[in-house]
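In the UniProt record's numbering, the protein residues as written are 1 to 564.
Just so it is clear, CB atoms sit at the ideal spot from N, CA and C, and this is done for glycine as well.
Being a predicted model, the structure only gives us computed values, none of them experimental.
So, in structure tokens, the structure goes:
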């Protein structure tokens, strides 16, 4: 009796099947093939059995096929409807095949692997079309993904030309209106924008391989210009428009561009722009701008199929840019509110001097709820406080304002720091909307006995600079954040020497992603130590802010008090 696979391999269906059929051992050894499979490899059918798949020149040795064969032989996992391309060594033809692989089971396991190849080399139009669609979908998805990482309007807009040049266009640009135009203002026949409506190119990329064209910068193309006819047409129809370039435009550009000509178009016409697509940017019922894609000398013109790609890019760009614009407006509103809620000037206290700073997070982040304050108390005592509301945005800024007012009001009761934090913690239920929390450090300096008393609510510890000593971290119990409720707070006291300086700060100054906060505190004490305890509060403030990165991820509140 022969091998288990020989009965199937000798079957008439196996032999005469027009598709390439094969049976292989789990390790990739060829056991049997039919004539169609041998023809794909350009060899007689009887020369393949006994060889390993990777030793064969043709579809069997394609990397994707080899990986699928071994996986199916090991795990029994089938692979269906995969398409591969390749060339057979020594035979003057390439191949395009779809293949399927499945396990052949017996005796409780996988005994072998079956494989079929369908030769589609002569009919690849559908495959080519499918690959084009996939490539353009990948282009659109990549642009959307990259735009999603940016909350800056220009940073968001520039992702489109960065992605599409040079794979889709030789040049691309995004232009935005100085003010969005409601769609209701776009008449059915013709686009007549309000007087003074201007477009401004905010991002542009040109293939650097284009000869005799200077590298563009915002200074080259950033001048605002009236809405050109091709943009009016796209906005009127609210869809992408494909057009050739009127040859009559070129002499004007080569001679002298008109004052109203878009600056970027002047550059592109000099480089032989002959085909362009303009897609409108429309979001939430407003036209916010346009995207432009251009083909220059040496490239084929755009085709009708390219319109769908441009339109999809325009839709994704409009949504992302509109979100970025909304984020910028919200960030501006939050920072305006934050600025008005923080004290403009700190009160004067006999024998005391202060320096303070509020440093917002990097441009892409909303402001948080960091604050600082100085509160005069009776008998020459003074309270110094720094706090930080969790989260960012209007809600955090509003809660910060409420907490600052609450701390000032409760401070008038002359409560010890621990009791004050407990009292404020009990008020958090009245302030917090969605269970927000806050950290805080509250210190009281009594000049009569030169005692500094403080309590913390989950806040970084104060630092003390005393004459002739290195900066000291004033630890004590960290306690819990404000807003958890039912917490017993503890406080700590310390006798300070005349001329000492206390430094309060929020965690944005010392905390970094992937770095322990103690390392940040060590860095801060290091720069303060370098300045020296006799440095003025203003010099110490500038030194402390030097530990921040160029684009801090969190807001920073800083308060420095000289206890003279």
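Taking all protein chains shown into account, do 16 or more other C-beta atoms lie within 10 angstroms of the C-beta of residue 309, making it buried, or fewer, making it exposed?
-> buried
Look at the alpha carbon of residue 354 and the alpha carbon of residue 564, and state the distance between them as a whole number of angstroms.
-> 11 Å
By a C-beta neighbour count over all protein chains shown, 10 Å radius and 16 as the cutoff for buried, is residue 279 buried or exposed?
-> buried
Roughly how many angstroms lie between the CA atoms of residue 84 and residue 60, to the nearest whole one?
-> 11 Å
Could you tell me which uninterrupted beta strand (DSSP E) segments, each at least 3 residues in length, are contained entirely in the stretch 395-459, listed from first to last along the chain?
-> 438-446, 451-457
Burial state of residue 20, where buried means 16 or more other Cβ atoms lie within 10 Å | buried
Looking only at C-alpha atoms, which of 113, 58, 109 sits nearest to residue 79?
-> 113
Which residue's Cα is closest to the Cα of residue 138: 163, 381, 228, 382?
-> 163
What is the residue span of the alpha helix (DSSP H) that residue 235 lies within?
-> 229-237
Could you give the distance in angstroms between the alpha-carbon of residue 375 and the alpha-carbon of residue 556?
-> 20 Å
Should residue 485 be labelled buried (16 or more other beta-carbon atoms within 10 Å of its own) or exposed?
-> exposed
Taking 8 Å as the cut-off, decide whether the C-beta atoms of residue 287 and residue 235 are in contact.
-> yes
Where residue 229 falls, given that 16 or more other Cβ within 10 Å makes a residue buried | exposed
Which value, in whole angstroms, describes the spacing of the CA atoms of residue 587 and residue 30?
-> With the chain covering only 1 through 564, there is no way to say anything about residue 587.
Kindly indicate which three-state DSSP category residue 99 falls into: helix, strand or coil?
-> strand
Near residue 470, what residues of its chain come up, given a Cβ to Cβ distance below 8 Å and the 5 sequence neighbours on each side ignored?
-> 525, 529
Residues that DSSP places opposite residue 357 in a beta bridge = 558
Between the beta-carbon of residue 438 and the beta-carbon of residue 490, is there less than 8 Å?
-> no
With 16 as the cutoff for other CB atoms within 10 Å, does residue 304 come out buried or exposed?
-> exposed
Residue 513 by DSSP, collapsed to three states: which one?
-> coil
Could you pull the start and end residues of the beta strand (DSSP E) that residue 111 belongs to?
-> 109-119
Burial state of residue 517, where buried means 16 or more other Cβ atoms lie within 10 Å | exposed
Within 10 angstroms of its Cβ, does residue 500 collect 16 or more other Cβ (buried), or is it exposed?
-> buried
Considering only C-alpha positions, which residue in the set 182, 397, 244, 293 is nearest to residue 203?
-> 293
Sort out for me which residues DSSP pairs residue 79 with in a bridge.
-> 101
Residue burial classification, residue 276 (beta-carbon count within 10 angstroms, cutoff 16) = buried
Just reading off the beta strand (DSSP E) that residue 36 is part of, what are its end residues?
-> Counting along the chain, residue 36 falls outside any beta strand (DSSP E), though it belongs to the alpha helix (DSSP H) covering 35-41.
Taking just the CA atoms, how far does residue 291 sit from residue 358?
-> 39 Å
Residues near residue 38 by beta carbon distance below 7 Å, same chain, minus five either side | 44, 45, 48
Tell me residue 352's beta-bridge partners as DSSP assigns them.
-> 563
Quick one: what's residue 168 bridged to in DSSP?
-> DSSP output for residue 168 lists no bridge partner at all.
Identify, in the order they occur along the chain, each residue of the same chain with its Cβ nearer than 6 Å to the Cβ of residue 503, setting aside the five sequence neighbours on each side.
-> 463, 560
Among the residues of its own chain, which have a CB less than 8 Å from the CB of residue 543, if the five just before and after it don't count?
-> 527, 528, 530, 531, 535
Report the residue from 519, 97, 76 whose alpha carbon sits nearest the alpha carbon of residue 86.
-> 97
Residue 286 by DSSP, collapsed to three states: which one?
-> strand
Cα separation between residue 14 and residue 34?
-> 6 Å
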